[in-house]
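Residues in the sequence shown are numbered from 8 upward in steps of one, following the working numbering. Here a beta-carbon is modelled for each residue, glycine too, at the ideal position from N, C-alpha and C. From a predicted model like this one, the values you see are computed outputs, not experimental measurements.
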Amino acid sequence: METIEIVLALLLLVIIFYFRFGPGKKYLTKDINALETKYQSSESVEIVSGLYDRYYVVNNIDKAQLREAINELTAKFGNHEDEKLHYKIGFTNNCIILKIHDAIDFYIYHNLIAWIKVVDKSVAAVGYSAHKTDPVLDYNFVLDPKEPAGDTVIGRFQNGDHFSLVLPAAFYGRLLKKSKVNYHFDEHKAFADLDFDKATFEKMDFQPLYK
Numbered sequence: 008m009e010t011i012e013i014v015l016a017l018l019l020l021v022i023i024f025y026f027r028f029g030p031g032k033k034y035l036t037k038d039i040n041a042l043e044t045k046y047q048s049s050e051s052v053e054i055v056s057g058l059y060d061r062y063y064v065v066n067n068i069d070k071a072q073l074r075e076a077i078n079e080l081t082a083k084f085g086n087h088e089d090e091k092l093h094y095k096i097g098f099t100n101n102c103i104i105l106k107i108h109d110a111i112d113f114y115i116y117h118n119l120i121a122w123i124k125v126v127d128k129s130v131a132a133v134g135y136s137a138h139k140t141d142p143v144l145d146y147n148f149v150l151d152p153k154e155p156a157g158d159t160v161i162g163r164f165q166n167g168d169h170f171s172l173v174l175p176a177a178f179y180g181r182l183l184k185k186s187k188v189n190y191h192f193d194e195h196k197a198f199a200d201l202d203f204d205k206a207t208f209e210k211m212d213f214q215p216l217y218k
């Protein structure tokens, strides 16, 4: 069986377990089919990962802990030995900027925030995706603090549109549009001195996380 087939099979098993036995049981009352329909309809926005420069901004975490979070996630859902070479870090304003390589897919990128937050509740983490040609399509996201299962991210685009994403559904590669989400900036307060814009991040000196 090819590596990609193994990965897809594992993802399918995780999704089934999540919805049947794990926190995802709550979605059964809402109809899983309806949830799937939403992520494949005009209610969602397709994200082409290759059109974005993607980052995480984190603090209260060190490099060893960051590597541990990535190791555990990619060991379960990715080609660990290859993918771990695709992460670079920079330092600014007392925080770590994690740069995500184009080879990292939508699923791994968005799910990583949950694994980072597991390290310690004091860790602040914001995902930032800068569109390569249209800054209006830039978006930020955080883990939804109102979801105790830690399985949902919420965020907004630069144009003000809001979205959410149930992390096990990230294999669709789409963000679910919302008229409004309770997108708090508590996580952003830790990075008050940092400008979340493409030019700021492009000037940073990034080095391999794994050496």
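Contact set for residue i: own chain, Cβ-Cβ below 6 Å, skip 5 residues either direction
i    : result
Y179 : Y46
A110 : H93
P215 : K95
Residue i, enclosing beta strand (DSSP E) - first and last residue
i    : result
K128 : Premise fails: K128 is in no beta strand (DSSP E) and is neither H nor E.
E50  : Segment: none, E50 is in no beta strand (DSSP E) and carries neither H nor E.
N67  : It is not in any beta strand (DSSP E) - N67 carries neither H nor E in the DSSP assignment.
V173 : H169 to V173
F98  : Y94 to T99
G106 : It is Lys, not Gly, that sits at residue 106 in the sequence shown. Run containing K106: C102 to I107, per the beta strand (DSSP E) assignment.
K185 : R181 to K185
Cutoff 7 Å; reference residue i; Cβ partners in own chain excluding five residues on either side
i    : result
K185 : H169, F170 and S171
N147 : V133, G134, Y135, G162, R163 and F203
N166 : V143
Beta-carbon contacts of residue i that lie in its chain and below 8 Å, excluding the five residues immediately before and after
i    : result
Y217 : R74, K91, L92 and Y94
Distance, residue j Cα to residue i Cα
i    : j    : result
P155 : P175 : 15 Å
M211 : R163 : 24 Å
L58  : D141 : 9 Å
L182 : A71  : 31 Å
I120 : A41  : 26 Å
A177 : A197 : 27 Å
I54  : Y116 : 12 Å
V126 : V149 : 15 Å
8 Å Cβ cutoff met for residue i and residue j
i    : j    : result
V130 : K124 : yes
D158 : V173 : yes
N106 : Y62  : According to the sequence as given, residue 106 is Lys; it is not Asn. Contact: yes.
N66  : N118 : no
Residue range of the unbroken alpha helix (DSSP H) whose run includes residue i
i    : result
K83  : K70 to F84
F208 : K205 to E209
request  = Could I get the ranges of all uninterrupted beta strand (DSSP E) runs contained in the region 135-161, with 3 residues as the minimum, in chain order?
outcome  = 146-150
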